[in-house]
Amino acid sequence: MDDVEAVVLVGGKGTRLRPLTLSAPKPMLPTAGVPFLAHLLSRIRSAGVRRVVLGTSYLAETFSDYFGDGSRFDMEIEYVVEDQPLGTGGGIRNVAKHLTTDDVLVFNGDVLAGTDLNAVVRTHRDTSADVTLHLVKVQDPRAYGCVPTDASGQVLEFLEKTEDPPTDQINAGCYVFRRSVIDSIPEGRPVSVERETFPGLLAAGARVSGHVDNAYWRDMGTPADLVHGSADLVRGVAPSDALPGGTGEALVLADAVVDPEAFVFGGTTVGRGVRIGAGARVEGAMLFDGAVIGEGAVVEHSVIGAGARVEDGALVNDTVVGDRAVIGAHCELREGVRVWPDVVLPPHGVRFSPDV
8 MDDVEAVVLV GGKGTRLRPL TLSAPKPMLP TAGVPFLAHL LSRIRSAGVR RVVLGTSYLA
68 ETFSDYFGDG SRFDMEIEYV VEDQPLGTGG GIRNVAKHLT TDDVLVFNGD VLAGTDLNAV
128 VRTHRDTSAD VTLHLVKVQD PRAYGCVPTD ASGQVLEFLE KTEDPPTDQI NAGCYVFRRS
188 VIDSIPEGRP VSVERETFPG LLAAGARVSG HVDNAYWRDM GTPADLVHGS ADLVRGVAPS
248 DALPGGTGEA LVLADAVVDP EAFVFGGTTV GRGVRIGAGA RVEGAMLFDG AVIGEGAVVE
308 HSVIGAGARV EDGALVNDTV VGDRAVIGAH CELREGVRVW PDVVLPPHGV RFSPDV
């Protein structure tokens, strides 16, 4: 697809993932050993697209510091910074002058998916569409806006969240735009593609196609989804060419030390320089570089920030622990607790059950 370019929108602040995003944008969070964006770029590269424009804003320099000009990833990467939040449509319009092809793949930078990008572009071209949306079928579409299509794949309307959705198809955050449509988006102001651009195209009689499949898909916007998505990458459930190692129950990076009597499984990522003590049990977790898990500690479906410590006998379940925080011995954290960076909880300081 050397006649297709890609745009990836990575300007959001990732507030739902705080405190993790206090120090890094959501697409740059370590996910299965590399920044999440590296997995998306690997899929774009595998599809044959060589040139990518990143629409950045929050902590924009972190992207260029890591990815540079893209040459070490066998890509060309250009960066465009938003001075103010512009929404999805405004963000696409903001990069228009940097695009050179007639067909442009556009991605939300926080979605982990396994769809065949070549097939999405084929649908776009075979139906002579102005815009094509990747639509994915989900078991419970009530949490999402629904996108019904007719027998030919033409999008009929864009529906807000409802308790009685007429279809299980939702917008998966991947599009193919005809360049002329991008140029028609109003410039210099926030624009929502779901509420303004796409409904406007339908009202004007444009062809808006849907490419529907059952491929792997996950919005990585919450801590639970980030943890599960990372575990799926490690176990090979979600596809990526950027994984820094083989798939399996755990991904253990350089200089990590895991005691032979520790149990590490469920798609856990063990970051660089991590230490895990004897008898510890770590399941489906993300341990950022330099984290320490004490003897007999239990860490389940949680994120442990860089340099953070979970001390002996502590239990951490469905929790986010910020960088350099300390969870004291025999503390017990559950059910969505978030601990901010550098916070120190004393031994036995927080529990959900009696201390016995």
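For the sequence shown, my numbering assigns the number 363 to the last residue and increments by one with no breaks.
Where is the CB? At the ideal position from N, CA and C, for every residue including glycine.
It should be emphasised that the depicted structure is a prediction, and the values quoted were computed from it without experimental measurement.
* Go ahead and pull the three-state DSSP assignment for Glu203. => Glu203: helix per DSSP, three-state reduction.
* Asked: Terminal residues of the continuous beta strand (DSSP E) containing Ser216?
  -> Ser216: member of the beta strand (DSSP E) spanning 215-220, first to last residue.
* To do: Could you say if the stretch 146-158 and the stretch 102-110 meet the contact criterion of at least three C-beta pairs nearer than 8 Å?
  => With fewer than three CB-CB distances shorter than 8 Å, the stretch 146-158 does not count as touching the stretch 102-110.
* Asked: Between which two residues does the alpha helix (DSSP H) carrying Asp232 extend?
  -> It spans 230-242 - the alpha helix (DSSP H) in which Asp232 sits, taken as one unbroken run.
* To do: State the Cα-Cα distance for the pair Lys168 and Val145, rounded to the nearest angstrom.
  => Rounded to the nearest angstrom, the two C-alpha atoms are 13 Å apart.
* To do: Using three-state DSSP, classify Phe74 as helix, strand or coil.
  => Three-state result, Phe74: helix.
* With a floor of 4 residues, list each alpha helix (DSSP H) that falls wholly inside the stretch 44-112, ordered by position along the chain. => Counting whole runs of 4 or more residues, the stretch 44-112 contains the alpha helix (DSSP H) stretches 68-74, 94-101.
* Answer with buried or exposed for Phe114, where buried requires no fewer than 16 other C-beta atoms within 10 angstroms of its C-beta. => Per the 10 Å Cβ criterion, buried.
* Asked: Which residue's Cα is closest to the Cα of Ala31: His235, Phe70, Gly40?
  -> Answer by Cα proximity: Phe70.
* Skipping 5 residues on each side, what residues in its chain have a beta carbon closer than 6 Å to that of Gly335? -> Here the set comprises Glu318, Leu352, Pro353, Pro354, Gly356.
* Residue from Arg185, Ala231, Glu290, Asp117 with nearest C-alpha to Pro34 -> Among Arg185, Ala231, Glu290, Asp117, the Cα nearest to that of Pro34 is on Asp117.
* If you drop the 5 nearest sequence neighbours on each side, which residues of the same chain put their C-beta closer than 6 Å to that of Arg282? -> If we look at Arg282 and ignore the five residues flanking it on each side, its Cβ neighbours are Val264, Val299.
* Residue nearest to Trp347 in terms of C-alpha spacing, selected from His337, Pro361, Arg358, Thr326 -> Nearest neighbour of Trp347 by Cα position, chosen from His337, Pro361, Arg358, Thr326, turns out to be Thr326.
* To do: With distances taken Cα to Cα, identify the nearest neighbour of Val59 among Glu290, Ala315, Phe80.
  => Per the C-alpha coordinates, the member of Glu290, Ala315, Phe80 positioned closest to Val59 is Phe80.
* Any idea what DSSP makes of Asp147, helix, strand or coil? -> Note: Asp147 maps to coil in three-state DSSP.
* Straight-line CA distance for Asp74 to Ile84? -> One detail in the question is off: residue 74 reads as Phe in this sequence, not Asp. Straight-line measurement puts the Cα of Ile84 at about 8 Å from the Cα of Phe74.
* In this structure, what does DSSP give as the bridge partners for Asp226? -> Looking at the DSSP output, Asp226 shares a beta bridge with Val118.
* Terminal residues of the alpha helix (DSSP H) in which Thr130 lies -> From DSSP, the alpha helix (DSSP H) with Thr130 extends over 124-133.
* Just checking, does the stretch 235-251 make contact with the stretch 124-144 on the three C-beta pairs under 8 Å criterion? -> Contact fails: fewer than three Cβ-Cβ distances are below 8 Å.
* Residue from Ile311, His46, Asp349 with nearest C-alpha to Leu340 -> Of the candidates Ile311, His46, Asp349, the one whose C-alpha sits nearest the C-alpha of Leu340 is Ile311.
* Beta-carbon separation of Arg202 and Ala136 under 8 Å? -> It is not a contact, given that the beta carbons lie outside the stated cut-off.
* Asked: Going by DSSP, what residues sit across from Pro37 in a beta bridge?
  -> The partner list for Pro37 (beta bridge, DSSP) reads Pro42.
* To do: With DSSP as the reference, label Arg331 as helix, strand or coil.
  => Shown here, Arg331 sits in coil according to DSSP, grouped into three states, outside any helix or strand.
* To do: Tell me whether Arg132 is buried or exposed, calling it buried when 16 or more other Cβ atoms sit within 10 Å of its Cβ.
  => Classification for Arg132: exposed.
* Straight-line Cα distance separating Gly243 from Gly405 -> Lying before the first or after the last residue shown, residue 405 is absent from the chain, which here runs from 8 to 363.
* To do: Leaving out five residues on either side along the sequence, give the residues of the same chain with a beta carbon under 7 Å from the beta carbon of Thr204.
  => Closer than 7 Å at Cβ, skipping near neighbours: Gly96, Ile192, Val198.
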